[in-house]
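Structure first, commentary second.
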Amino acid sequence: MFKKIVAASIAAVVFAGAAQAVPLSGVFDVVAINVTNASRAQSQATFGNYVDAINGVDTSPNTTSTFETHIFNYDGILDFDTRGEPFSPLTTISQFLSTGTGTLIGMDNTFGSLRNSQGNIDDATATTTFYFFSLKTATPYDLTITHDDGVAVFNNGDLLGGLVGPNAVQPEPTLVNGSVAGDLSFLYVSTNSDPSVFIVDAAEVAPVPLPAGAVLLLGALGGLAVVRHRKRPA
Numbered sequence: 008m009f010k011k012i013v014a015a016s017i018a019a020v021v022f023a024g025a026a027q028a029v030p031l032s033g034v035f036d037v038v039a040i041n042v043t044n045a046s047r048a049q050s051q052a053t054f055g056n057y058v059d060a061i062n063g064v065d066t067s068p069n070t071t072s073t074f075e076t077h078i079f080n081y082d083g084i085l086d087f088d089t090r091g092e093p094f095s096p097l098t099t100i101s102q103f104l105s106t107g108t109g110t111l112i113g114m115d116n117t118f119g120s121l122r123n124s125q126g127n128i129d130d131a132t133a134t135t136t137f138y139f140f141s142l143k144t145a146t147p148y149d150l151t152i153t154h155d156d157g158v159a160v161f162n163n164g165d166l167l168g169g170l171v172g173p174n175a176v177q178p179e180p181t182l183v184n185g186s187v188a189g190d191l192s193f194l195y196v197s198t199n200s201d202p203s204v205f206i207v208d209a210a211e212v213a214p215v216p217l218p219a220g221a222v223l224l225l226g227a228l229g230g231l232a233v234v235r236h237r238k239r240p241a
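In our numbering, the protein residues as written are 8 to 241.
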């Protein structure tokens with residue numbers, strides 16, 4: 008019985024530190040690269056593919072890719088979703104980004120008018136757009152990401168998790184837990200036609216100081232354990 012009391016009490020104290028997931032928002036630095044004639048392998052959300060795209064390295068097996076790069080800012084929520092939009096499936100980069108609850112800062116109209124995503128990755132004729140969103144955070148997060156296509160999460164330069172894709176929207180979102188304060192970056196890849204979906208929810212996991220009552224409770228339980236130990240027969 009004593010063990011059950013202790014377990015229930017500790018669970019109650021730990022639960023006090025839980026946080027609710029909310030849409031992740033902020034002012035993001037964004038690097039976007041639009042690639043034509045991309046293959047399935049080229050369109051995976053990997054850091055190597057992102058670097059190749061920035062440097063214009065053509066790894067397409069049987070066609071010639073082109074590369075267009077633009078740097079801008081996005082102030083708002085990461086909640087982009089073309090499902091149900093009237094312009095889909097002929098979505099441009101600006102139209103895709105307009106589905107987010109936020110404001111584009113420094114978007115070039117010519118770059119924004121490029122097609123965001125189209126097929127076909129299987130014959131290396133796809134249009135693929137890489138988006139690298141970066142944010143400074145003061146709080147650790149557990150992340151829940153709904154996406155079509157791939158996504159990778161980086162924390163202070165290290166790969167934290169993701170799903171490289173290309174993929175359709177999954178029945179269950181991708182969970183990436185354990186980020187720490189500092190640089191938090193998302194590599195999202197849109198390819199092989201609409202829908203294009205990138206939605207991030209974040210739950211803060213910063214330590215929560217125990218309330219005084221919880222400290223007293225744990226102290227009392229410790230004292231009770233000592234008493235029980237003393238009452239045991241030698």
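Positions of the beta carbon are idealized from the N, C-alpha and C atoms, including for glycine.
All values reported here derive from a predicted model rather than from experimental measurement.
Once you ignore the five residues that flank residue i on each side, which residues in its own chain have a CB closer than 7 Å to its CB?
{"i": "residue 72", "result": "42, 43, 44, 45, 65"}
{"i": "residue 183", "result": "150, 152, 160, 167, 168, 169"}
{"i": "residue 99", "result": "119, 120, 121, 122, 123"}
{"i": "residue 63", "result": "74"}
Would residue i pass as a contact of residue j if the rule is Cβ separation under 8 Å?
{"i": "residue 32", "j": "residue 84", "result": "yes"}
{"i": "residue 3", "j": "residue 138", "result": "Because the chain spans 8 through 241 in this model, residue 3 falls outside it and cannot be assessed."}
{"i": "residue 249", "j": "residue 40", "result": "Outside the displayed range of the chain (8 to 241) lies residue 249, so it cannot be described from this structure."}
{"i": "residue 131", "j": "residue 68", "result": "yes"}
{"i": "residue 154", "j": "residue 134", "result": "no"}
{"i": "residue 52", "j": "residue 196", "result": "yes"}
{"i": "residue 101", "j": "residue 141", "result": "no"}
{"i": "residue 156", "j": "residue 50", "result": "yes"}
Reducing DSSP to helix, strand and coil, say where residue i ends up.
{"i": "residue 130", "result": "helix"}
{"i": "residue 159", "result": "strand"}
{"i": "residue 168", "result": "strand"}
{"i": "residue 3", "result": "This structure leaves residue 3 out entirely; the chain is present only between 8 and 241."}
{"i": "residue 145", "result": "coil"}
{"i": "residue 91", "result": "coil"}
{"i": "residue 120", "result": "coil"}
{"i": "residue 40", "result": "strand"}
{"i": "residue 48", "result": "helix"}
{"i": "residue 191", "result": "strand"}
{"i": "residue 3", "result": "Nothing in the structure corresponds to residue 3, since the chain is present only between 8 and 241."}
Quickly, what does DSSP pair residue i with across the bridge? List them, please.
{"i": "residue 30", "result": "208"}
{"i": "residue 179", "result": "According to DSSP, residue 179 bridges with nothing at all."}
{"i": "residue 5", "result": "With the chain running from 8 to 241 in the structure shown, residue 5 is simply not present."}
{"i": "residue 140", "result": "37, 193"}
{"i": "residue 153", "result": "206"}
{"i": "residue 79", "result": "37"}
{"i": "residue 111", "result": "81"}
{"i": "residue 70", "result": "In the DSSP output, where bridge partners are listed per residue, residue 70 has none listed."}
{"i": "residue 99", "result": "122"}
{"i": "residue 135", "result": "42"}
Sorted by chain position, which residues of the same chain lie with C-beta nearer than 8 Å to residue i's C-beta, five sequence neighbours on each side aside?
{"i": "residue 104", "result": "81, 87, 111, 114, 119"}
{"i": "residue 209", "result": "28, 29, 30, 31, 148, 149, 150, 151"}
{"i": "residue 164", "result": "190"}
{"i": "residue 107", "result": "81, 83, 84, 85, 86, 87"}
For residue i, I'd like the list of residues in its chain whose CB is within less than 6 Å of its CB, leaving aside the five on either flank, ordered along the chain.
{"i": "residue 27", "result": "none"}
{"i": "residue 194", "result": "52, 57, 139, 159"}
{"i": "residue 77", "result": "39, 115, 118"}
Just to check, is the beta-carbon of residue i closer than 7 Å to a non-hydrogen atom of the ligand FAD?
{"i": "residue 43", "result": "Among the components modelled here there is no ligand, and therefore nothing to report on the ligand FAD."}
Determine, using beta-carbon pairs with one atom in the stretch 183-195 and one in the stretch 147-156, whether at least three such pairs fall under 8 Å. yes
Cβ contact (3+ pairs, closer than 8 Å) linking the stretch 84-93 and the stretch 195-206: yes
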